[in-house]
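Notes to accompany the following structure.
Chains as they are written, first to last, in this note's numbering: chain D, 1 to 361; chain P, 1 to 361.
Shown next, in the form of structure tokens:
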């Protein structure tokens, strides 16, 4: 984890942009402190529960990067009143009007970023939609603050190879620069131009016009990121420690006490070249056996097999032996657990236990 | 939920077997008290954390129904020493020897049930494998207690229609009766013959030789169970309340603030006749719009669309409006939340908030 953080931080420093890590993957104050460039931020969150927890831990500069629902503005006002600079994100005039009205009612200018749709994968205003961008910006001016524009190249998760990822990064960059230009041309200041996804953050070669980069899963990485080519399997800093509880020798199955409750049901590698099932099986020191995966899972049972067609032999694992499973998706697997047991390298000595939180309110 | 519990309880009473609800779905003391036939049980759990929590709440008769790892026997002994009759499950001689050794060391006969493999879907001894059954039973005799045999017809989740489900139930019944007969013929008493899965529990017509039935997801039901034909959509007693946060009108998308973190990534209906995506969309009172689903999900974003090919119109839902999403798999969706907000019928008045727990230790 330390290596992954140092790598991306160094990269973004070289590109001359500030770094606003997304804390939704870790949901842990201890991890956040290691990921952020200062104890006060900046950082990104995906729920107001995260905002509340990190503000309580001293973070002062946050973007809540999921489109704001008007019913949540009361909590935003309360969190801002506690001394934190919490900004919201939106992509409609209705939301901008609600943020402006809440700002007037509270006597504070709530800062908002307009979400830009750079690749059609989810929410946001098209960077070419001058009319909507300006209408939102103007609606915010009625009491709130237009902080800037923000986009997330979620489509980069489906890209493969450095060239395609560089293209995603450039599309992401251009979308915020173009949108900011439209707003500025309409007389609306747009100081922040925020981009980010783990794949594009690791492949952008020019971030001219961008002020900050967000990324989350990079701290831990996972098999999906390894499958895209953003990291090596050896970079994956999150694993689930499981115990062998049975065998079905005739079928070539080893049963472990980690099912989907421990791994999550994320099968994100099933659409990649190498399907890792519910996770890649390593020895207890974290060394992959190679082509040994959790092929199926029930709530508390995992079924380990050799990857079909690989010709490998199943490792000999006795009842009670421990294995580590690398996850497809660190955000999803982390969310199934209440804390992290911190180990260094291949050591199995637990140096610390870091709590993580969940929930929304 | 009350109706679902009453229905299965009445059914099993009529079949003359006792009912040992599985508490892994709900992980809630409040739900458990309503599901169990007495405050002291019997009940089933999938983790020792569940055992610990329910024992602390007064439950006294529990089966931990995941194959026991020797390293967990210390905790089993401690929980039994606190006054609860906690039994373990196993399917190998190695486990039986470990349970017998732990029993001798603790000076208590730890009760164990031999898991039977009735349909090849997971763990267990084949009900025809006389040699292994007797060897396990004899190994337990060296200090532990052979409490009985147990099976779970997990294969019933892939069955369709009443006839196929009745056949699964009969196969499940016969597997424990056959295994118990083998053990008894070898001079090994086998008082408990435990079967269970929600589909078979609702379709068994004869449970001769069975002493108890387990089931878990029946309390809440879900879209997978509705797809199998075990319940109606109207029986589903668990939903996620979400808020509209955006639209992509050109694409026919409504965005909500419930993604896979709120719904889980269970896509169990994708292999059924009707694919419900990440969940079926209802109005805030729980009435389905019909053919409107959460078609895609990111961590905190859900994308609502009309089911392709249905010809339905997308409902008009403004920013801030609320919807309820019915889940594919209640066990998985429940696990994403820290408490239940209890409502009755179509009322939106929250009568109570029931905490739920997670984790393993």
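All C-beta atoms, glycine included, are put in the ideal place defined by N, C-alpha and C. Keep in mind that this is a model prediction, so the values were computed, not measured.
Please state whether DSSP places residue i in a helix, a strand or coil.
i: residue 218 of chain P; result: helix
i: residue 157 of chain P; result: helix
i: residue 178 of chain D; result: helix
i: residue 97 of chain P; result: helix
i: residue 50 of chain P; result: helix
i: residue 119 of chain P; result: coil
i: residue 341 of chain P; result: strand
i: residue 135 of chain D; result: helix
i: residue 224 of chain P; result: helix
i: residue 211 of chain D; result: coil
i: residue 233 of chain D; result: helix
i: residue 336 of chain D; result: coil
i: residue 141 of chain P; result: coil
i: residue 301 of chain P; result: coil
Give me the Cα-Cα distance between residue i and residue j, rounded to the nearest whole angstrom.
i: residue 264 of chain D; j: residue 185 of chain P; result: 43 Å
i: residue 237 of chain P; j: residue 9 of chain P; result: 17 Å
i: residue 397 of chain P; j: residue 356 of chain P; result: Here chain P has residues from 1 to 361 only, and residue 397 of chain P is not among them.
i: residue 273 of chain P; j: residue 48 of chain D; result: 38 Å
i: residue 42 of chain D; j: residue 108 of chain D; result: 21 Å
i: residue 51 of chain D; j: residue 85 of chain D; result: 10 Å
i: residue 160 of chain P; j: residue 217 of chain P; result: 17 Å
i: residue 97 of chain D; j: residue 251 of chain P; result: 24 Å
i: residue 353 of chain D; j: residue 296 of chain D; result: 29 Å
i: residue 210 of chain D; j: residue 201 of chain D; result: 12 Å
i: residue 130 of chain P; j: residue 183 of chain P; result: 8 Å
i: residue 325 of chain P; j: residue 284 of chain P; result: 9 Å
i: residue 152 of chain P; j: residue 261 of chain D; result: 18 Å
i: residue 279 of chain D; j: residue 340 of chain P; result: 30 Å
i: residue 178 of chain P; j: residue 76 of chain P; result: 29 Å
i: residue 204 of chain D; j: residue 277 of chain D; result: 30 Å
i: residue 4 of chain P; j: residue 12 of chain P; result: 13 Å
i: residue 90 of chain P; j: residue 349 of chain D; result: 30 Å
i: residue 415 of chain D; j: residue 232 of chain P; result: Any answer about residue 415 of chain D is impossible in this case: the structure gives chain D only from 1 up to 361.
i: residue 303 of chain D; j: residue 66 of chain P; result: 13 Å
i: residue 208 of chain P; j: residue 78 of chain P; result: 35 Å
Select from the options the residue whose C-alpha is nearest the C-alpha of residue i.
i: residue 291 of chain P; options: P:298, P:309 and P:285; result: P:309
i: residue 174 of chain P; options: P:141, P:149, P:188 and P:4; result: P:149
i: residue 321 of chain P; options: D:42, D:71 and D:31; result: D:71
i: residue 315 of chain D; options: D:217, D:63 and D:254; result: D:254
i: residue 69 of chain P; options: D:351, D:319 and D:338; result: D:319
i: residue 317 of chain P; options: P:326, P:244, P:55 and P:332; result: P:244
i: residue 45 of chain P; options: P:30, P:209, P:26 and P:144; result: P:26
i: residue 57 of chain D; options: D:40, D:67 and D:63; result: D:40
i: residue 122 of chain P; options: D:294, D:338 and D:325; result: D:294
i: residue 241 of chain P; options: P:334, P:193, P:164 and P:143; result: P:334
i: residue 22 of chain P; options: P:15, P:32, P:13 and P:14; result: P:32
i: residue 271 of chain D; options: D:225, D:206 and D:234; result: D:225
i: residue 106 of chain D; options: D:143, D:360, D:246 and D:230; result: D:143
i: residue 73 of chain D; options: D:53, D:61 and D:95; result: D:95
i: residue 134 of chain D; options: D:104, D:110 and D:190; result: D:190
i: residue 155 of chain P; options: P:15, P:145, P:166 and P:147; result: P:166
i: residue 2 of chain P; options: P:348, P:104 and P:37; result: P:37
i: residue 206 of chain D; options: D:5, D:17 and D:6; result: D:17
i: residue 158 of chain P; options: P:140, P:198 and P:192; result: P:198
i: residue 327 of chain D; options: D:114, D:111 and D:239; result: D:239
i: residue 248 of chain P; options: P:62, P:282, P:275 and P:301; result: P:301
i: residue 118 of chain D; options: D:136, D:162 and D:169; result: D:169
i: residue 282 of chain D; options: D:80, D:234 and D:140; result: D:234
When the cut-off is 8 Å and only beta carbons count, does residue i lie next to chain B?
i: residue 123 of chain D; result: In the structure shown, chain B does not exist; the protein chains are D and P.
Point to revise | Interface residues of the segment 303-331 of chain D facing chain P [CB-CB below 8 Å] | key: 303, 318, 319, 320 and 331
**Study point:** Contact set between the segment 92-106 of chain D and chain P, restricted to residues whose Cβ is under 7 Å from the partner
**Key:** 92, 94 and 95
Check your understanding: What are the uninterrupted segments assigned as beta strand (DSSP E) that are 3 or more residues long and contained completely in the segment 243-291 of chain P, given in chain order?
Key -> 253-256 and 280-283
Exercise for review: Please name the residues in the segment 214-246 of chain D whose beta-carbon is closer than 8 Å to at least one beta-carbon of chain P, in chain order.
Suggested key: 243, 244, 245 and 246
Check your understanding: At a Cβ cut of 8 Å, what residues of the segment 257-269 of chain D count as close to chain P, listed as they run along the chain?
Key -> 257, 260, 261, 262, 264, 265, 266 and 267
Check your understanding: Could you give the uninterrupted runs of the alpha helix (DSSP H) lying entirely in the segment 56-105 of chain P, keeping only those of 4 residues or more?
Key -> 73-81
Check your understanding: Taking any Cβ of chain P, which residues in the segment 67-91 of chain D have a Cβ under 9 Å from it, in chain order?
Key -> 67, 68, 69, 70, 71, 72, 90 and 91
Exercise for review: Can you give me, in chain order, the residues of the segment 47-65 of chain D that have a beta carbon less than 7 Å from any beta carbon in chain P?
Suggested key: 47
Review point. Can you list, in chain order, the residues of the segment 274-307 of chain D whose Cβ is nearer than 8 Å to any Cβ on chain P?
Key: 298, 299, 300, 301 and 303
Review point. When Cβ atoms are compared, which residues of the segment 9-27 of chain P fall closer than 8 Å to chain D?
Key: 24
Review point. Relative to chain P, which residues along the segment 333-352 of chain D have a C-beta separation below 9 Å, given in chain order?
Key: 335, 336, 337, 338 and 339
Check your understanding: For the segment 152-181 of chain P, which residues have a beta carbon sitting closer than 8 Å to at least one beta carbon of chain D?
Key -> 154
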